[in-house]
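Structure, as structure tokens:
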Amino acid sequence: MNRTALMIIGIVTALIIGGIILLTTILVPENKAAFDVAVRFMNLAGTGRDDEALPLLSDALQTYVRDNCPNGSVSACIYAYTPTEWGRLLRDGAAVYRRSMRDGDAWDIQLIATYEKDKGFAGVCIYHRVEQVAPDDWRVTAWSGFIACDDPNSGLPNLRSENAVHRVP
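Just so we're aligned: the sequence shown equals residues 1107 to 1275 in the working numbering.
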């Protein structure tokens, strides 16, 4: 091949790779408000930051937490779902987006989280339902799961069911 042809191939390849990187950055689900609120809520509540986590819940779910969780603490509810031998959520940022399904105007979102002790490889699967309350303002309206992702019931279709383990409300 001559030098001009190689140069054109190199430029086209660089443009294609740059375009793929740009599209990947723009289209990452975590950059969307609906998905971001689910991830942020889990990372905040999972690390004991109730004051920041509670406003990310719908009014009805905030009432549920105050009435049903130990000391009205959303973190206490979440801590109670996982076995103590798993430890706590590894750190802020240990829960990440895994997949989602649209349900009318709402999103059913599955997260995967890594816990401190022996629960990281398969992960812990968590479900959040989020609904929009104002433009770009989404709130968590339900949750379930907090089970090992290698559990046969850990898939999103099972976790979004009304009969899912740890389903609230």
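Don't be surprised by glycine CBs; every beta carbon is placed ideally from N, CA and C.
Here the structure is a predicted model, which means the values were calculated and not measured.
In chain order, what residues of the same chain lie with their CB nearer than 8 Å to the CB of Val1202, ignoring the 5 residues before and after it? Residues of the same chain with a CB within less than 8 Å of the CB of Val1202, apart from the 5 flanking positions on each side, are Glu1136, Val1145, Leu1217, Ile1218 and Ala1219 in chain order.
When DSSP labels each residue in this structure, what does Ala1240 get in the three-state scheme? The three-state reading of DSSP puts Ala1240 in strand, counting E and B together.
Give me whichever residues DSSP pairs with His1234 in a beta bridge. Its beta-bridge partners are Ile1215 and Trp1249.
Can you pull the DSSP bridge partners for Ser1206? Paired residues: Ile1215.
Only counting the same chain, and skipping five residues up and downstream in sequence, which positions put a Cβ closer than 8 Å to that of Val1180? These residues qualify, in order along the chain: Ala1151, Asp1156, Ala1159, Leu1160, Leu1163 and Val1171.
To the nearest angstrom, how far is the alpha carbon of Leu1089 from that of Thr1110? In the structure as shown, the chain starts at 1107 and stops at 1275, and residue 1089 therefore has no counterpart that could be examined.
Whole angstroms are fine: how far does the CA of Leu1112 sit from the CA of Val1236? Their backbone Cα atoms lie some 50 Å apart in a straight line.
To the nearest angstrom, report how far apart Asn1259 and Leu1265 are at their CA atoms. When rounded, the separation of the alpha-carbon atoms in Asn1259 and Leu1265 is 7 Å.
Whether or not the segment 1205–1212 and the segment 1184–1195 are in contact is what I'm after, with contact meaning three or more pairs of Cβ atoms, one per stretch, closer than 8 Å; do they touch? As far as the Cβ criterion goes, the segment 1184–1195 does not touch the segment 1205–1212, which means the pair count is below three.
Pull up the distance between the alpha-carbon of Asn1149 and that of Asp1173, whole angstroms please. Looking at the two C-alpha atoms, the distance is approximately 22 Å.
Residues sharing a beta bridge with Ala1228, DSSP: Answer by DSSP bridge pairing: none, since Ala1228 is not bridged.
I'd like to know whether the C-beta atoms of Ala1228 and Leu1167 end up nearer to each other than 9 Å. Going by beta carbons, Ala1228 and Leu1167 fall outside the 9 Å limit.
Please identify the residue among Gly1199, Val1230 and Leu1195 whose C-alpha is closest to the C-alpha of Ile1253. Minimum Cα-Cα distance from Ile1253 among the listed residues Gly1199, Val1230 and Leu1195 corresponds to Val1230.
Let me make sure I understand the geometry here. Which of Val1246, Asp1256, Gly1116 and Cys1175 has the alpha-carbon closest to that of Phe1147? That would be Val1246, whose Cα lies nearest to the Cα of Phe1147.
Which ranges does the alpha helix (DSSP H) cover as unbroken runs of at least 4 residues, wholly within the segment 1173–1204, from first to last along the chain? Counting whole runs of 4 or more residues, the segment 1173–1204 contains the alpha helix (DSSP H) stretches 1180–1187.
What does the Cβ neighbour count give for Leu1195, buried or exposed, with the cut at 16 atoms within 10 Å? Its Cβ being crowded by 16 or more others within 10 Å, Leu1195 is buried.
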